[in-house]
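One structure is given here, and the rest of the page talks about it.
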Amino acid sequence: MDSVVLDYFMSLANNLNFTKSANECHITQSTMSKRIAALEDELGVKLFYRDSHSVRLTPAGMRLRANALRYANQYRAINTSLHKLMIEYIDMLKIGCGLYEVHIMTQAISEFMKLRSDVELNYLQYGYSSIVSYVSTNVVDIAVVLDTCLDSMERKLTKKPLYEDTWAVSAHKDSPFWQMSAEDKTKLKNQMVITMVNNEFEPIRPFCFNRGMTDITFTYTNSFEPTIALLMANAGITLLPQSLRPCVPSIIRIENVFAEPMKHTFYAVYNANSDNNSLPVFVSCCDRLFGSVDSPE
8 MDSVVLDYFM SLANNLNFTK SANECHITQS TMSKRIAALE DELGVKLFYR
58 DSHSVRLTPA GMRLRANALR YANQYRAINT SLHKLMIEYI DMLKIGCGLY
108 EVHIMTQAIS EFMKLRSDVE LNYLQYGYSS IVSYVSTNVV DIAVVLDTCL
158 DSMERKLTKK PLYEDTWAVS AHKDSPFWQM SAEDKTKLKN QMVITMVNNE
208 FEPIRPFCFN RGMTDITFTY TNSFEPTIAL LMANAGITLL PQSLRPCVPS
258 IIRIENVFAE PMKHTFYAVY NANSDNNSLP VFVSCCDRLF GSVDSPE
């Protein structure tokens with residue numbers, strides 16, 4: 008059993024649908040079925056009840072689901088530690104970003120690589136639930152996340168605010184949304200709103216619920232790129248940070264329609280006591296670009 012198989016298991020345990028989980032994990036349905044069957048053979052227990060109509064967790068499956076994320080994180084931490092021992096002279100810096108932050112660190116990474124071209128730099132995107140855990144278990148050295156994640160992160164971690172961003176309605180330029188009245192726009196009336204699946208830290212649904220927006224429905228993606236694809240297909244609307252405007256195709260219109268728009272701050276989170284000597288160099292690059300004021304603990 009390895010972390011990849013655990014990821015497959017967790018996807019199927021959440022979706023209870025082989026086709027959906029195979030697509031989510033970017034593998035074929037046949038491969039998903041074989042890997043799950045192999046995991047059951049390895050453990051000697053059935054994890055799922057299967058028939059032609061449904062997939063359900065067995066008691067053993069429910070037990071593994073409750074602990075699978077912790078097992079996967081421990082495996083990755085061990086694997087990362089052993090990998091470091093095998094590298095004799097190459098430093099490594101692992102940066103993790105959330106679902107909306109992938110473009111934020113471009114300039115900081117560029118500045119860092121000018122100073123430390125000898126470093127192997129990994130830049131990886133995760134769901135917020137995963138990255139909250141990964142920065143605590145040293146799977147990543149530094150994480151770039153939304154402020155919605157901070158309360159779930161360990162107090163020992165340094166949480167550095169980068170900048171506050173205003174989120175604006177984003178939709179295809181030919182979307183009927185743009186023809187609605189100003190009042191209906193502020194209510195997102197009768198709109199299909201695109202947000203992130205299985206994500207307790209995403210900010211769009213809370214914003215809608217807190218504003219009493221009842222005449223809306225939600226549809227889901229699991230990363231930024233599928234969200235853009237749905238917008239380009241005119242298959243819904245969403246809210247995006249306005250700093251992402253240069254990264255969004257011109258066919259998508261981004262406009263603030265709220266008197267009090269949604270605002271969130273992006274943070275860099277890391278362990279200041281890390282023994283990775285590349286981390287302070289990267290943090291210094293962030294300080295020069297974003298400022299050097301740490302958030303209160």
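Just so you know, the working numbering puts the end of the sequence shown at 304, numbered straight through with nothing missing.
The beta carbon of each residue, even a glycine, is placed where N, CA and C say it ideally should be.
Just so we're clear, the structure is a prediction, and the values are computed from it rather than from any experiment.
Any heavy atom of the ligand NAD within a distance shorter than 7 angstroms of the CB on residue 86? Inclusion of the ligand NAD in the displayed structure is not the case, the ligand content being empty and no account of it being possible.
Candidates 144, 135 and 242, of which the one nearest residue 224 by Cα: If you number the sequence shown from 1, residue 224 lands on position 217. Out of 144, 135 and 242, 242 has the C-alpha closest to the C-alpha of residue 224.
Please list, in chain order, all residues of the same chain as residue 38 whose beta carbon is under 8 angstroms from its beta carbon, the five residues on each side excluded. By 1-based counting over the sequence shown, the position of residue 38 is 31. Closer than 8 angstroms at the Cβ level, and outside the excluded window around residue 38, lie 29.
Output needed for residue 290: all residues of its chain with C-beta closer than 6 angstroms, excluding positions within five of it in sequence on either side, in chain order. Within the sequence shown, numbered from 1, the residue matching residue 290 stands at position 283. Excluding positions up to five away in sequence, the list is empty.
Counting C-beta neighbours from all protein chains within 10 Å, is the total for residue 172 16 or more, i.e. buried, or is it exposed? Residue mapping note: residue 172 aligns to position 165 of the sequence shown, counting from 1. When all chains shown are included, residue 172 counts as buried.
Between the region 150-159 and the region 225-240, do at least 3 Cβ pairs fall closer than 8 angstroms? no
Can you tell which of 219, 200, 269 and 178 has its C-alpha closest to the C-alpha of residue 257? Sequence index remark: in the sequence shown, residue 257 carries index 250 (1-based). Nearest C-alpha to residue 257: 178.
Which class does residue 127 belong to by DSSP, given the choice of helix, strand or coil? In the sequence shown, the residue the question calls residue 127 occupies position 120. In this structure, residue 127 counts as strand in the three-state DSSP scheme.
Where residue 192 sits in the DSSP three-state scheme: Counting from 1 along the sequence shown, the entry for residue 192 is found at position 185. Three-state DSSP puts residue 192 in a helix.
Quick one: residues in its chain with C-beta nearer than 6 angstroms to the C-beta of residue 208, no 5 flanking neighbours on either side, listed in chain order? Within the sequence shown, numbered from 1, the residue matching residue 208 stands at position 201. The residues are 135, 155 and 156.
For the beta strand (DSSP E) that contains residue 251, what are its first and last residues? Taking the sequence shown and counting its residues from 1, one reaches residue 251 at position 244. Counting along the chain, residue 251 falls outside any beta strand (DSSP E), and DSSP gives it neither H nor E.
Residue 68 - DSSP class collapsed to helix/strand/coil: As a first step, residue 68 must be located in the sequence shown, where it is residue number 61. Three-state DSSP puts residue 68 in a helix.
DSSP beta-bridge partners of residue 172: Counting from 1 along the sequence shown, the entry for residue 172 is found at position 165. In DSSP, residue 172 forms a bridge with 271.
Residue 275 and residue 292 closer than 8 angstroms at C-beta: What you label residue 275 is simply residue 268 of the sequence shown in a count that begins at 1. What you label residue 292 is simply residue 285 of the sequence shown in a count that begins at 1. Against a cut-off of 8 angstroms, the Cβ pair of residue 292 and residue 275 comes out as no contact.
Where does the unbroken alpha helix (DSSP H) through residue 52 begin, and where does it stop? Here residue 52 refers to the residue found at position 45 of the sequence shown. Unbroken run through residue 52: none, as it is neither H nor E.
Is it buried or exposed, residue 282, if we count other Cβ atoms within 10 angstroms and call 16 or more buried? Counting from one through the sequence shown, the residue named residue 282 turns up at place 275. Residue 282 is exposed by the Cβ-count criterion.
Boundaries of the beta strand (DSSP E) in which residue 104 is found, first to last residue: What you label residue 104 is simply residue 97 of the sequence shown in a count that begins at 1. 99-104 is the span of the beta strand (DSSP E), which, as asked, contains residue 104.
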